[in-house]
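Visitor: Counting with our numbering, you get residues 363 to 724 for the letters of the sequence shown. The beta carbon of each residue, even a glycine, is placed where N, CA and C say it ideally should be.
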Amino acid sequence: MKGLSYLKPGVIKLQDIPKPEITSPTDVIGKVVMTTICGSDLHMIKGELEFINKHAEETGRGVVLGHEAIIKVEEVGSSVKHFKKNDVCIMSCTTCCGKCHYCKEGCPAHCLNSIGICGCYLGSIIDGAQAEYVRIPYADFSLYKCPEGIPLSSCLMLSDILPTSYELGVLNGKVKEGSTVAIIGVGPIGLAALLSAKAMKPAYIVAIDLDDSRLEKARSLGADYTVNSGKEDVVKFIQGLPSIDGRLPGVDTVIECVGSPVTFELCQNIVGVNGTIANVGVHGRPAKILIDKLWIMNIDITTGLVNCTSTKELMDRVADGRLDPSKLITHHFKLSEIEEAYKVFSNAAESKAIKIVIENDY
Ligand SMILES: [Zn+2]
Ligand SMILES: [Zn+2]
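(1) What's the gap between the Cα of residue 680 and the Cα of residue 654?
(2) My guess is that residue 788 and residue 634 are in contact by the Cβ rule of under 8 angstroms, so how many angstroms apart are they, rounded?
(3) List the endpoints of the continuous beta strand (DSSP E) containing residue 718.
(4) Just confirm the distance between the C-beta atoms of residue 584 and residue 615, as a whole number of angstroms; I'd bet it's less than 8 angstroms.
(5) Is there at least one non-hydrogen atom of ligand 2 closer than 6 angstroms to the beta-carbon of residue 448?
(6) Check each candidate in 607, 396, 411 and 385 and name the one with the smallest Cα separation from residue 434.
(7) Verify the contact flag: residue 402, CB atom, against every heavy atom of ligand 4, threshold strictly below 6 angstroms.
(8) Entirely within the region 446-508 and at least 4 residues each: give me those alpha helix (DSSP H) ranges in chain order.
(9) Out of 675, 456, 394 and 364, state which residue places its alpha-carbon closest to the alpha-carbon of residue 450.
(10) Return the chain-ordered list of same chain residues with a C-beta closer than 8 angstroms to the C-beta of residue 709, the five sequence neighbours on each side being excluded.
(11) Taking its Cβ as the centre, do 16 or more other Cβ atoms sit within 10 Å of residue 390, making it buried, or is it exposed?
(12) Quick check: what's the CA-CA separation for residue 594 versus residue 674?
(13) I need the straight-line Cα distance from residue 430 to residue 608, nearest angstrom please.
(14) Please determine, among 661, 678, 503 and 483, the residue with the shortest C-alpha to C-alpha distance to residue 444.
(15) Need the endpoints of the alpha helix (DSSP H) that residue 571 sits in, please.
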C-alpha cells in the first residue's frame, strides 16, 4: 500500500510499504477515508524531535505521518467491543488504553500503555494515517463513530484541531459567557480556538497575529478585534479596550497558540486580574514567567497535551450547528497528491491554507 513516510529531516516520500496487520487484540485496522496535515507534522519533518528521527532511521523505511483521520473499519481485533467492519469512525489523535492510572484520572494524553511517550504517538512512534490503511491501538478508547448528517470532512476536524483548541484553550482558559478573550496566533489551532470560544458567547475576542490575511480570516470567523503585533503595540491596544462591568485593563483569558518565549511573555502583559493564560502552543525553549508582576493578580497559567475527552461534546455541537468546523477547510487533495499538499500547507503565508482534506484515492 501507499504511505507518506518521514525518512529524515527535510525528507518525506509517498512510498510502497507493507499493509498494517492486527498485532494486539485491542487493535482495529482502518481503511483511511480521509486524512489531513497538522502543524506538528511540519515540526517532525524539520527534524525537531530527536526520538522520532531515531525511530524513523531504525525502521529503515521511515515512519508514516498523520494522526488525524476518518477511517472505515476493515478488521477488528478479538477483544474490540464497540466497533465492527465497515463502521466509519473518527480516529482520535490520542490513543489510550482506558485502564491505566492516567486514563482513569481523565488524562489519557499520558496513557502509561502508549509506549511511555504520550497518547499522541500515532504518526510519530508508530505508523500513522497518511496512508491507505492504519492500525489503531486500543480502538475501543480511540475511535468515535461518525454521526449521520455531519459531512465527513467536518468530522475530520474532531480528530485533533477542535479538541486541542477547546480543551487546552477554551476549557483550561475558563472561557464563559461574557468573558473577554485574546488569542495569540491565529493559525489553524488559533482559528479553531476562536470558533469554539465564540460558541461560549464571550463579550469579545481579540485576535493577535503578524499576518494580516490570518487576521482577516479571524475577523470573518467572528473575532471582534484584530491586532497585527508587528505593526501595533498589543499591550496598549488591550489596555485601550472599553472596560466591561468595571474590569481593570487586561483580558480574562489569553490563549497562547504560538509557542515562543516572546508570545508567552506577551500573554503575561495582557492578562487581567483574576485571569487565565491557557497555553496551547508547542514550546521548544524555556520561556520567562513574570512572577513579580503576576503573583498579586490571581492569575492561573495552564498547560497540557490534548486528552481528546471532549470529542463527544464537540460532536454534539457540530451536529446541532453551534460549531461549524467546515470554515477551517481551505484545500482538497487526493492521497496520491499528498507531497504537493505538504508544499501547499507548509507555504501557508502564500497559499492561505488552514486545513487540507486529503482523500484516499487508492
Ligand atoms: Zn495534529
Ligand atoms: Zn492508559
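Guide: So, from the data block:
(1) The residue labelled residue 680 in the question sits at position 318 within the sequence shown. The residue labelled residue 654 in the question sits at position 292 within the sequence shown. Approximately 42 angstroms, taken between the alpha carbons.
(2) Past the boundaries of the shown model lies residue 788; the chain is included only from 363 to 724, so the question cannot be answered.
(3) Translated into positions along the sequence shown, residue 718 becomes position 356. Where residue 718 is concerned, the enclosing beta strand (DSSP E) stretches over 717-721.
(4) As a working note, residue 584 is residue 222 in the sequence shown. As a working note, residue 615 is residue 253 in the sequence shown. No, residue 584 and residue 615 are not in contact; Cβ-Cβ is about 15 angstroms, not under 8 angstroms.
(5) Sequence index remark: in the sequence shown, residue 448 carries index 86 (1-based). A distance criterion of 6 angstroms places the beta-carbon of residue 448 beyond contact range of ligand 2, judged by its closest non-hydrogen atom.
(6) Residue numbering aside, residue 434 sits at position 72 when the sequence shown is read from its first letter. Here the closest residue by C-alpha is 396.
(7) Ligand 4 is absent from the structure shown, which contains only ligand 1 and ligand 2.
(8) 463-466 and 501-504
(9) Position 88 of the sequence shown, counted from the first residue, corresponds to residue 450. The option with the nearest alpha carbon to residue 450 is 394.
(10) For the purposes of this step, residue 709 is taken as residue 347 along the sequence shown, with counting starting at 1. So the list reads 715, once near-sequence residues are dropped.
(11) The residue labelled residue 390 in the question sits at position 28 within the sequence shown. Buried is the call here.
(12) Taking the first residue of the sequence shown as 1, we reach residue 594 at position 232. Taking the first residue of the sequence shown as 1, we reach residue 674 at position 312. Rounded to the nearest angstrom, the two C-alpha atoms are 40 angstroms apart.
(13) Counted from its first residue, the sequence shown places residue 430 at position 68. Counted from its first residue, the sequence shown places residue 608 at position 246. Between residue 430 and residue 608, the C-alpha separation is close to 43 angstroms.
(14) Within the sequence shown, the letter at position 82 stands for residue 444. Residue 444 has its Cα closest to that of 503, out of 661, 678, 503 and 483.
(15) For the purposes of this step, residue 571 is taken as residue 209 along the sequence shown, with counting starting at 1. Run containing residue 571: none in the alpha helix (DSSP H); it sits in the beta strand (DSSP E), 566-571.
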